[in-house]
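Presented below is the structure to which this report refers.
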Amino acid sequence: MSPHFAYRCTLVGAGPGDPELLTLKAVKAIASATVLLVDDLVNDAVLSHASPTARIVHVGKRGGCQSTPQGFIDKLMINAVHEGERVVRLKGGDPFIFGRGGEEVEHLRQAGIDVDVVNGITSGLAGLSSLGAPLTHREHAHGVVFVTGHAKPGDSGTDWPQLAATARQAKLTLVIYMGVSSLEHIGQGLLSGLPAQTPVAVVQNASLPTQREALTTLGELVHTVQREQLESPSIIVVGDVVQGARAWTAQPQTAQKAA
Ligand code: SAH
159 MSPHFAYRCT LVGAGPGDPE LLTLKAVKAI ASATVLLVDD LVNDAVLSHA SPTARIVHVG
219 KRGGCQSTPQ GFIDKLMINA VHEGERVVRL KGGDPFIFGR GGEEVEHLRQ AGIDVDVVNG
279 ITSGLAGLSS LGAPLTHREH AHGVVFVTGH AKPGDSGTDW PQLAATARQA KLTLVIYMGV
339 SSLEHIGQGL LSGLPAQTPV AVVQNASLPT QREALTTLGE LVHTVQREQL ESPSIIVVGD
399 VVQGARAWTA QPQTAQKAA
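The end of the sequence shown is residue 417 by my numbering, with every number in the run present.
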């Protein structure tokens, strides 16, 4: 039997940044909220859909790496719901791809609050698409792995050599979130299972006017990111599908920075 919940709130994916990538459902939920709790990676333009009388509370920290204490956000949400507010928790990309959406849902349910979820376009999809390349391709990639470069404190994190070996064997594209700050460690690990010439795209601020990107190889990754001064929030895509990026296709001889 499903548990009975007296209260509800809505977890909404705000997409990667471009407000036109919001779903219609997200726009409706934002417009009907009386309280919005907003993550840092959410573009302010998205809030133009909110009611002028809605209370907007900014929570969370840039990059989604260190966060406002989760307990504090949970408390704010739970209190607002119990006070009868229509609460929308607005999260960057998709609420259930990293960014701790799963933990929030667990805490809300424990407080007797059920959660509706509105999907958003995750930045891991928007990153390579913005360069005109797919994440899967019959010739180059049979699947995609979304993986975080940033583990919970005390967690040993991803086994990069193992993941690289699997990606090579199974022809998988790797889409790495929160990877810039541990790039050397990630790059080294991946190089033990994938060739140095494996194509890599790094896309910062995907879908926003401030988007910047670089196309490179695994062997050159650290150097390229340093040279181009790419920073968080960035998506790193590793795999042969990156060769489908416009700039790469235009000049396939060498890995280079995109226009
Ligand atoms: N739920 C989010 C991810 C949160 S984790 C989503 O689905 O997109 C935060 C990480 O997401 C960042 O460190 C970065 O790796 C990535 N990210 C979020 N927005 C981004 C953007 N516009 N461009 C590139 N990467 C982004």
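Where a beta carbon is used, it is the ideal one built from N, C-alpha and C, also for glycine.
Residue closest to residue i, alpha-carbon to alpha-carbon, out of the options
{"i": "D198", "options": "L248, R244, K183", "result": "L248"}
{"i": "S206", "options": "Q268, A184, H265", "result": "A184"}
{"i": "M235", "options": "H308, H298, C167, T407", "result": "C167"}
{"i": "G229", "options": "I255, P253, Q268, L289", "result": "Q268"}
{"i": "G347", "options": "V380, A359, I279, D272", "result": "V380"}
{"i": "I255", "options": "G171, S288, Q369", "result": "G171"}
{"i": "G307", "options": "P353, H216, L332", "result": "L332"}
{"i": "E387", "options": "G260, V400, A372", "result": "The question names Glu, but residue 387 in the sequence shown is Gln. For the residues G260, V400, A372, the minimum Cα distance to Q387 belongs to A372."}
Contact check, residue i vs residue j, beta carbons under 8 Å
{"i": "A187", "j": "V246", "result": "yes"}
{"i": "P174", "j": "S281", "result": "yes"}
{"i": "I393", "j": "V361", "result": "yes"}
{"i": "H298", "j": "G377", "result": "no"}
{"i": "Q369", "j": "S288", "result": "yes"}
Reduced DSSP secondary structure (H/G/I, E/B, other) of residue i
{"i": "E297", "result": "coil"}
{"i": "R385", "result": "helix"}
{"i": "P319", "result": "helix"}
{"i": "F254", "result": "coil"}
{"i": "R244", "result": "coil"}
{"i": "G221", "result": "Low per-residue confidence applies at G221: pLDDT is 44, beneath 50, and the placement is therefore not dependable, though the value from the model is reported in the following sentence. Here G221 sits in helix by DSSP."}
{"i": "V276", "result": "strand"}
{"i": "L169", "result": "strand"}
{"i": "S288", "result": "coil"}
{"i": "S392", "result": "strand"}
{"i": "K415", "result": "With a pLDDT of 47 at K415, under the threshold of 50, the modelled position of that residue is not reliable, and no figure is offered here."}
{"i": "P177", "result": "helix"}
{"i": "V400", "result": "helix"}
DSSP bridge partner residues for residue i (one or two, in chain order)
{"i": "Q355", "result": "In DSSP, Q355 forms no bridge with anything."}
{"i": "T331", "result": "V302"}
{"i": "H216", "result": "V196"}
{"i": "I271", "result": "Y165"}
{"i": "Q362", "result": "R370, S392"}
{"i": "K249", "result": "G171"}
N- and C-terminal bounds of the beta strand (DSSP E) containing residue i
{"i": "T374", "result": "370-375"}
Residue span of the alpha helix (DSSP H) that contains residue i, given as start and end
{"i": "T407", "result": "404-408"}
{"i": "S190", "result": "182-190"}
{"i": "H343", "result": "341-349"}
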